[in-house]
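J.:
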Amino acid sequence: MHTMPERRAAGADLLVLGGGVIGLGCAWRAARAGLDVRVVDAGGTERATEVAAGMIAPVGEALWGEEALLAAAVESAARWPGFAGELESDAELPVPYRRCGSLHVGLDRDETAGLRRLHDLHSELGLEARWLRGSECRRLEPGLTTAVTGGYEAPGEAEIDTRVLLVALRAAAEARGVEVREGRAVELLVEDGRCTGARLESGEELHAERTLAALGARLGGELLPAEVRPPIRPVKGEVLRLRARPGEAPCERIIASERVYVVPRASGDVVIGATMEDRGFDLRVTAGGVHELLREAYRAVPEVAELELLECRAGLRPTTPDNTPVVGATAIEGLMLAGGHHRHGIMLAPVTADAVAAELSGGEVPACAAALRPGRFAARLEGTTA
Ligand SMILES: Cc1cc2nc3c(=O)[nH]c(=O)nc-3n(C[C@H](O)[C@H](O)[C@H](O)COP(=O)(O)OP(=O)(O)OC[C@H]3O[C@@H](n4cnc5c(N)ncnc54)[C@H](O)[C@@H]3O)c2cc1C
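For the sequence shown, numbering that gives the first Met the number 0 assigns the number 0 to the initial residue and increments by one for each residue that follows.
1) Beta-carbon separation of Leu315 and Ala216 under 7 Å?
2) Whole angstroms is fine: what's the gap from Ser88's alpha carbon to Gly287's?
3) Using alpha carbons as the reference points, say which of Ser122, Thr161 and Glu123 lies closest to Val270.
4) Return the CA-CA distance between Leu212 and Ala370, expressed in angstroms with no decimal places.
5) For Ala265, which residues of its own chain have a beta-carbon under 8 Å away from its beta-carbon, when the five flanking residues on both sides are left out?
6) I need the DSSP call for Leu120, collapsed to helix, strand or coil.
7) Please classify Pro388: does DSSP put it in a helix, a strand, or coil?
8) Mind reading off the beta-carbon distance from Tyr151 to Leu124? Whole number of angstroms is fine, and I expect it under 8 Å.
9) Could you tell me how far apart the beta carbons of Pro229 and Thr323 are, in whole angstroms, since I believe they sit closer than 8 Å?
10) Per DSSP, which residues does Arg242 bridge with? Please list them.
11) Output the distance between the C-alpha atoms of Met0 and Glu332, rounded to the nearest integer angstrom.
12) Go ahead and pull the three-state DSSP assignment for Ala56.
13) Evaluate the contact criterion for the stretch 121-136 versus the stretch 197-211: three or more CB pairs, one atom per stretch, below 8 Å.
14) Buried or exposed, going by whether 16 or more other CB atoms sit within 10 Å of the CB of Ala248?
15) If you measure from the CB of Gly84, is any heavy atom of ligand 1 nearer than 6 Å?
16) Decide if the stretch 256-264 is in contact with the stretch 294-314; the criterion is three or more beta carbon pairs, one per stretch, under 8 Å apart.
17) Relative to the alpha-carbon of Thr195, which residue among Glu381, Asp12, Gly382 and Leu380 has its alpha-carbon at the smallest distance?
18) Taking 7 Å as the threshold (C-beta atoms), are Ala56 and Ser101 in contact?
19) Between the C-alpha atoms of Val58 and Glu156, what's the straight-line distance to the nearest angstrom?
20) Looking at Gly344 and Ile21, is the spacing between their C-beta atoms short of 7 Å?
21) Count the other C-beta atoms from every protein chain shown that fall within 10 angstroms of the C-beta of Ser201, then say buried if there are 16 or more, exposed otherwise.
22) Which residue's Cα is closest to the Cα of Asp40: Cys25, Val15 and Trp63?
23) Identify the residues that DSSP records as bridge partners of Cys194: which are they?
24) Taking 6 Å as the cut-off, is the CB of Met275 close to at least one heavy atom of ligand 1?
25) Apart from the five residues on each side of it in sequence, which residues of its chain come closer than 8 Å, Cβ to Cβ, to Phe376?
26) Please determine, among Arg372, Cys99, Glu291 and Gly327, the residue with the shortest C-alpha to C-alpha distance to Glu140.
27) Should Ile231 be counted as a contact of ligand 1 given a C-beta to heavy atom distance under 6 Å?
28) Where does the unbroken alpha helix (DSSP H) through Tyr297 begin, and where does it stop?
29) One question on the structure: do Pro349 and Leu218 come within less than 7 Å of each other, judged by their Cβ atoms?
30) Starting from the C-beta of Gly10, find all residues in its chain whose C-beta is less than 6 Å away, skip the five residues before and the five after it, and write them out in chain order.
31) Give every residue of the same chain whose Cβ lies closer than 7 Å to the Cβ of Leu380, excluding the five residues on either side of it in the sequence, and list them in chain order.
32) Can you round the beta-carbon distance between Leu306 and Arg242 to whole angstroms, since I take them to be within the 8 Å contact cut?
33) Here's the rule: buried if 16 or more other CB atoms are within 10 angstroms of the residue's CB, otherwise exposed. What is Met335?
34) In the DSSP output, what is Pro263 paired with across the bridge?
35) Between which two residues does the beta strand (DSSP E) harbouring Ser101 extend?
Below is the structure:
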């Protein structure tokens, strides 16, 4: 019988490249399923998870033509309470998952008409949401502008502070024996068509039975051999963090209009997001982006003007052509992918992590994960985990 460090010297069962919500989530769930796991994360300012608003909002994100994504979102949102509870118990830290509900509002006739059509789609799809007149919206959220003309409430939607989430995921993973370390993978080790680990910038080689690439916006980059590289690009998002005085939160629920959302945290922090731009790996915060976010947030919830402005950041959403993630084995034996979660990585973390852990440990893979397999972009991308 080998101890964990002895087994690791010979190579872990699983090497995870990337320590965002997806990499750490998969590592933790795989370790819970009995695997010996190691995570290597490059750190830096590129971790989208750190800037995310943390909404778990399957209704608000539902769009025409994105059925596979919606099925995964609904399944994952349903898994969130259990995921948060197990995380809290493994990490021995509070996990601030909060089912605060959301209110999506129209601020003029056109916006409200567009929202009404979306709400009809929600009804067709059986999603939990109810239509409200403008005055009813304001009764629920008195901080809303008097210009609000209608909207829908989605009471099941939730939020989580993603920085607290990252700390908890790391603690839970470590409590389950996962080794988490800093380092940048610069080359995958591939021998006879099989991935056996990765080489780090330091020159060190880490070996493992299976390797999971969870590199966020870098998953479409050159670390992966061209034949298994998924079509992922960075989509920039600027986001603001503000703080309300105790007892003076501008809203109780997530408030979303056509161009902005306002997410209140239990801590008193308020997140306002987010712009969407195709600008490569540009992480600069622009005056125009901040202006647009503040203007639109003020238009919906005028009280945001009273909040203390704490931070302006930009992050990179890892985005595929169909806005749906890639999760599963590749044509290189032993190499799996988990990424491309676009605006939904926090929401989709439980279903992604459970799908990866089940595929690795022979458990039951959630049915909705079949539509996330990399092979939908090109048959050459896909393989088996063997
Ligand atoms: C402004 C904004 C708001 C958002 N709001 C929400 C929201 O409300 N709800 C929601 O569900 N989603 C939201 N998202 C999306 C969500 O943040 C992402 O989908 C999710 O964080 C992606 O997680 P990830 O682990 O794949 O990537 P990341 O969090 O980016 O982590 C990837 C990690 O891989 C590391 N890495 C990269 N290359 C290497 C390498 N060669 N070797 C080792 N490590 C490497 C990086 O350093 C990084 O730490 C938002 C995103 C943005 C930008």
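We put the beta carbon where it would ideally sit given N, CA and C, even for glycine.
T.: On the basis of the coordinates in this document:
1) Looking up residue 315 in the sequence shown gives position 316. Looking up residue 216 in the sequence shown gives position 217. Yes.
2) For this step, residue 88 is matched to residue 89 along the sequence shown. For this step, residue 287 is matched to residue 288 along the sequence shown. Roughly 43 Å between the two C-alpha positions.
3) Numbered from its first residue, the sequence shown carries residue 270 at position 271. Measuring from the Cα of Val270, the nearest candidate turns out to be Thr161.
4) Here residue 212 refers to the residue found at position 213 of the sequence shown. Here residue 370 refers to the residue found at position 371 of the sequence shown. Note that residue 212 is Ala in the sequence shown, not Leu. Distance between the alpha carbons of Ala212 and Ala370 is about 19 Å.
5) Against the sequence shown, residue 265 aligns to sequence position 266. Cβ neighbours of Ala265 beyond the five flanking positions: Pro95 and Arg97.
6) The residue labelled residue 120 in the question sits at position 121 within the sequence shown. Three-state result, Leu120: helix.
7) Here the chain covers residues 0 to 385 and nothing more, so residue 388 does not appear.
8) For the purposes of this step, residue 151 is taken as the residue at position 152 of the sequence shown. For the purposes of this step, residue 124 is taken as the residue at position 125 of the sequence shown. The pair is not a contact, with the Cβ atoms about 13 Å apart (cut-off 8 Å).
9) Residue 229 sits at position 230 when you count from the first residue of the sequence shown. Residue 323 sits at position 324 when you count from the first residue of the sequence shown. At roughly 11 Å, the Cβ-Cβ gap does not stay under 8 Å, so Pro229 and Thr323 are not in contact.
10) For the purposes of this step, residue 242 is taken as residue 243 along the sequence shown, with counting starting at 1. DSSP, once it has assigned bridges, lists Asp268 and Glu307 as partnering Arg242.
11) For the purposes of this step, residue 0 is taken as residue 1 along the sequence shown, with counting starting at 1. For the purposes of this step, residue 332 is taken as residue 333 along the sequence shown, with counting starting at 1. At Met0 the pLDDT is 40, less than 50, meaning the model places this residue with poor confidence and gives no usable figure here.
12) Within the sequence shown, residue 56 is the residue found at index 57, counting from 1. Correct three-state label for Ala56: coil.
13) Per the Cβ contact rule, the stretch 121-136 is not in contact with the stretch 197-211 (fewer than 3 Cβ pairs under 8 Å).
14) Looking up residue 248 in the sequence shown gives position 249. Buried: at least 16 other Cβ atoms inside 10 Å.
15) To locate residue 84, count along the sequence shown from 1; it is residue 85. No; taking the cut-off as 6 Å, the Cβ of Gly84 has no heavy atom of ligand 1 nearer than that.
16) yes
17) To locate residue 195, count along the sequence shown from 1; it is residue 196. Of the candidates Glu381, Asp12, Gly382 and Leu380, the one whose C-alpha sits nearest the C-alpha of Thr195 is Asp12.
18) The count along the sequence shown starts at 1 and reaches residue 101 at position 102. The count along the sequence shown starts at 1 and reaches residue 56 at position 57. The criterion of a C-beta distance shorter than 7 Å is satisfied by Ser101 and Ala56.
19) Here residue 58 is taken as the residue at index 59 of the sequence shown, counted from 1. Here residue 156 is taken as the residue at index 157 of the sequence shown, counted from 1. Each residue's alpha carbon lies about 8 Å from the other.
20) Translated into positions along the sequence shown, residue 21 becomes position 22. Translated into positions along the sequence shown, residue 344 becomes position 345. In contact: Ile21 and Gly344 (Cβ atoms closer than 7 Å).
21) The residue you call residue 201 lines up with position 202 of the sequence shown. Result: exposed.
22) In the sequence shown, the residue the question calls residue 40 occupies position 41. It is Val15 whose Cα lies nearest to the Cα of Asp40.
23) Within the sequence shown, the letter at position 195 stands for residue 194. In DSSP, Cys194 forms a bridge with Val189.
24) Walking along the sequence shown from the start, residue 275 turns up at place 276. No, ligand 1 has no heavy atom inside 6 Å of this Cβ.
25) On the sequence shown, position 377 is the one that residue 376 refers to. Contacts found: Pro229, Pro230, Thr319, Pro320 and Val325.
26) Taking the first residue of the sequence shown as position 1, residue 140 is located at position 141. It is Cys99 whose Cα lies nearest to the Cα of Glu140.
27) Locating residue 231 in the sequence shown gives position 232, counting from the first residue. Answer for Ile231: no, Cβ out of range of ligand 1.
28) Numbered from its first residue, the sequence shown carries residue 297 at position 298. Run containing Tyr297: Ala286 to Ala299, per the alpha helix (DSSP H) assignment.
29) Counting from one through the sequence shown, the residue named residue 349 turns up at place 350. Counting from one through the sequence shown, the residue named residue 218 turns up at place 219. Against a cut-off of 7 Å, the Cβ pair of Leu218 and Pro349 comes out as no contact.
30) On the sequence shown, residue 10 is found 11 positions in, with the first residue counted as 1. The residues are His206 and Ala207.
31) As a first step, residue 380 is located in the sequence shown; it is residue number 381 there, counting from the start. The beta carbon of Leu380 lies closer than 7 Å to those of Val227, Pro229, Thr329, Ala330, Pro373 and Gly374 in the same chain, with the five residues before and after it left out.
32) For the purposes of this step, residue 306 is taken as residue 307 along the sequence shown, with counting starting at 1. For the purposes of this step, residue 242 is taken as residue 243 along the sequence shown, with counting starting at 1. Contact holds; Cβ gap of about 6 Å.
33) Counted from its first residue, the sequence shown places residue 335 at position 336. The residue is buried, with at least 16 neighbouring Cβ atoms inside 10 Å.
34) Translated into positions along the sequence shown, residue 263 becomes position 264. Paired residue(s): Val269.
35) Here residue 101 refers to the residue found at position 102 when the sequence shown is read from its first residue. Ser101 to Gly105 is the span of the beta strand (DSSP E), which, as asked, contains Ser101.
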